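Chemist:
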Amino acid sequence: MTEFFWLGSGSPLFEELTQLRHAIFTTEFGLPKSFGSSDDRTCLHLLVKQDGQPAACARLARGMDSVFMATTVAVAAPFRGKGIGTTMVAELVEKSRRLGCEHLRLTAELGTTAFFKKKGLLSTGIECDVADYTVEIMVAYLDDNPYQISWLQPGQDISPALELRRQVFGKEFGYTNDPDELDPIAHTMLMYQDGNVVACGRVAPLPDGRYKLGKIALSGSLRGGGMGRKLVEALEFKALELGAQEVFLSARHPAMDFYLHIGYTPCGQPFMSGPELHTDVKKTL
Ligand SMILES: CC(C)(COP(=O)(O)OP(=O)(O)OC[C@H]1O[C@@H](n2cnc3c(N)ncnc32)[C@H](O)[C@@H]1OP(=O)(O)O)[C@@H](O)C(=O)NCCC(=O)NCCS
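The following block contains the structure:
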């Protein structure tokens, strides 16, 4: 059985992933131990397990808003030739798409570019040297996404998000505390479909070093189809990029089961905020 684990450097699985990466890149290929580890903390990592054994790895980082880079993409020697690379590339592409990537670049050692071409990546002809190896940058265009994600930096005009928040939290649920004191320090996400804002959320790096997600809202007609999970994944990726190893949020009780279902655990007592009970929930990235 092949299993995919997406994780940040705070995850308990990160040690297994770095051991696998060393086995491939240092022991087998003779690259320095530090190879592929710069910026590990702000990347999203993929560990692939085959029948419970670490078998392959990769990591994703954002270049610009919708341009992502996949690096250290490799299957460990005992697991090659079994189709794991093929499923891993499909997973990388699918995850990138879910996170709003429109343009995925992948660095491939020259001996492996034929494999990636077969899997649908295009050659760019751009080569660079990494230690004793030459890699080529390959690319996949994912700009056929049915929805697009864009991020507003702290201080930018968040009125498109406020409009959706007014619809959902104001009109639907009766909240009046919007905007609030975290908006000026938060990174705000907008998800568009056919040019309309259909979802939003934010990541607020708090002065005490914690990272709080919030104002997560999806227009009514899109709920229950997996979009909420994608929304939270995109917020978690942004939090990772900002340096988080854990995130928390105050969950409305009616949405609590959604958060429990996607890996969050309660971390406080219930409290009233606006018209509803909330409980803080957290997740290690
Ligand atoms: C909460 C919200 C973001 C969830 O988004 P969604 O699109 O409805 O949820 P998804 O379809 O992505 O659900 C993802 C998974 O969680 C499960 N899930 C969703 N809601 C659930 C619930 N109330 N109880 C149990 N599981 C739930 C889904 O079945 C799905 O499981 P699967 O991937 O195994 O099939 C969305 O419903 C929403 O915007 N609600 C209004 C605003 C709100 O409450 N925001 C949260 C503020 S704290």
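The sequence shown: position 71 = 68 (the numbering used here), numbered continuously.
Glycine included, C-beta positions come from ideal geometry on N, C-alpha and C.
Given the structure is predicted, the values throughout are model-derived calculations rather than measurements.
(1) Quick check on ALA241: does DSSP put it in helix, strand or coil?
(2) Name the two residues that bound the continuous beta strand (DSSP E) containing THR281.
(3) Which residues share a DSSP beta bridge with MET269?
(4) Is ASP37 near ligand 1, judged by its Cβ being under 8 Å from some heavy atom?
(5) According to DSSP, simplified to helix, strand and coil, what is GLU0?
(6) Please determine if the region 27 to 34 and the region 112 to 131 are in contact, where contact requires at least 3 C-beta pairs separated by less than 8 Å.
(7) Can you check whether the CB of HIS250 is closer than 9 Å to the CB of LEU274?
(8) Out of GLY117, VAL200, SER216 and MET66, which has the shortest C-alpha to C-alpha gap to GLY167?
(9) Does GLU12 pass the burial test, meaning 16 or more other C-beta atoms within 10 Å, or should it be called exposed?
(10) Note down, one range per segment and in chain order, each beta strand (DSSP E) of at least 3 residues found wholly within the region 37 to 81.
(11) With DSSP as the reference, label THR173 as helix, strand or coil.
(12) Who does GLU124 pair with in a DSSP beta bridge?
(13) Going by C-alpha to C-alpha distance, which of PRO202, LEU103, ASP177 and CYS98 sits closest to VAL86?
(14) Considering only the alpha carbon of each residue, which of PHE255, ALA20, GLN266 and LEU161 lies closest to PRO176?
(15) Assuming ILE21 and ALA73 make a contact with CB atoms under 8 Å, what is their CB distance in whole Å?
(16) Pull up the DSSP beta-bridge partners for ILE21, would you.
(17) Taking the alpha helix (DSSP H) that LYS212 belongs to, which residues open and close that run?
Modeler: So, from the listed chains and residues:
(1) coil
(2) 273 to 281
(3) LEU274
(4) no
(5) strand
(6) yes
(7) Yes, Cβ-Cβ distance for LEU274 and HIS250 is below 9 Å.
(8) SER216
(9) exposed
(10) 41 to 47, 50 to 61 and 64 to 72
(11) coil
(12) GLU133
(13) LEU103
(14) LEU161
(15) 6 Å
(16) Note: ILE21 sits in no beta bridge, so no partner.
(17) Looking at the DSSP string, LYS212 is not in any alpha helix (DSSP H); the run it does join, the beta strand (DSSP E), is 208 to 215.
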